[in-house]
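Engineer: If you scroll down you'll find the structure; I have some questions about it.
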Amino acid sequence: MKQLAMCMSFILTGEALPPPTSTVTQDFCSRLAANSGIDKPSSSEGPTEWTVRAMNFGQRFIVGGSAATGVGVKPVEPATVEDYRRLENMCMPEGKGAICKLVGPLNFNFIWKGRKIVTPMEVGERATIWVAGIKTTCRSEAAQ
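Under numbering that gives the first Met the number 0, the residue at position 105 of the sequence shown is numbered 104, and the numbers go up by one with no gaps.
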């Protein structure tokens, strides 16, 4: 009803209707990059993949080379015990970093340049995230 009233308002006042909202959906790594302020490489075909460093060479040299990057997962609320069990081993230590093999639905926590960024992952979405030192790689996979 509210939308109808808004449309009627535009018609009666002679204003143009606002442009329709986009139905184009981004894959998980594209959304994570956008939420984190990361410039990801644009790819017109296939899943998104990007790699970034928390600090460039100059920053490492001047500042001393320390930066924290963190990853984690939380269930979408309301959550069940099974939801928590499903997420239990999605992010595991690997070498001097971690690897997350994500399968949605979940909320992905990414600590990047001093900020905690939460990016939701939809049902059936898949992605793999590697963190090694100051380097992070995200690769979206085909949804199932």
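Cβ coordinates follow ideal geometry from the N, Cα and C atoms, glycine included.
#1: Does DSSP put residue 106 in a helix, in a strand, or in coil?
#2: Taking residue 72 as part of the beta strand (DSSP E), name the residues at either end of that continuous run.
#3: Among 108, 114, 104, which has the Cα closest to the Cα of residue 78?
#4: By Cβ distance, which residues of its chain are closer than 7 Å to residue 47, with the 5 residues on each side in sequence left out?
#5: Going by Cα to Cα distance, which pick from 113, 34, 119, 123 is closest to residue 76?
#6: I'd like the list of long-range same chain contacts for residue 109, defined as Cβ closer than 7 Å, with 5 residues on each side in sequence excluded.
#7: For the alpha helix (DSSP H) containing residue 80, name the first residue and the last one.
#8: Using CA atoms only, rank isn't needed, just tell me which of 102, 136, 131, 111 is closest to residue 93.
Structural biologist: So, from the listed chains and residues:
#1: As a working mapping, residue 106 is identified with position 107 in the sequence shown. DSSP places residue 106 in strand when its eight states are reduced to three.
#2: The residue given as residue 72 occupies position 73 in the sequence shown. Residue 72 -> beta strand (DSSP E) spans 69 to 73.
#3: By one-based count along the sequence shown, residue 78 stands at place 79. Answer by Cα proximity: 104.
#4: Numbered from 1 along the sequence shown, position 48 holds the residue referred to as residue 47. These residues qualify, in order along the chain: 26, 28, 29, 39, 139.
#5: By 1-based counting over the sequence shown, the position of residue 76 is 77. Checked all of 113, 34, 119, 123; the closest Cα to residue 76 is 119.
#6: Here the question's residue 109 lines up with position 110 in the sequence shown. Closer than 7 Å at Cβ, skipping near neighbours: 31, 35, 70, 116, 118.
#7: In the sequence shown, residue 80 corresponds to position 81, counting from 1. Run containing residue 80: 80 to 86, per the alpha helix (DSSP H) assignment.
#8: In the sequence shown, residue 93 corresponds to position 94, counting from 1. Checked all of 102, 136, 131, 111; the closest Cα to residue 93 is 131.
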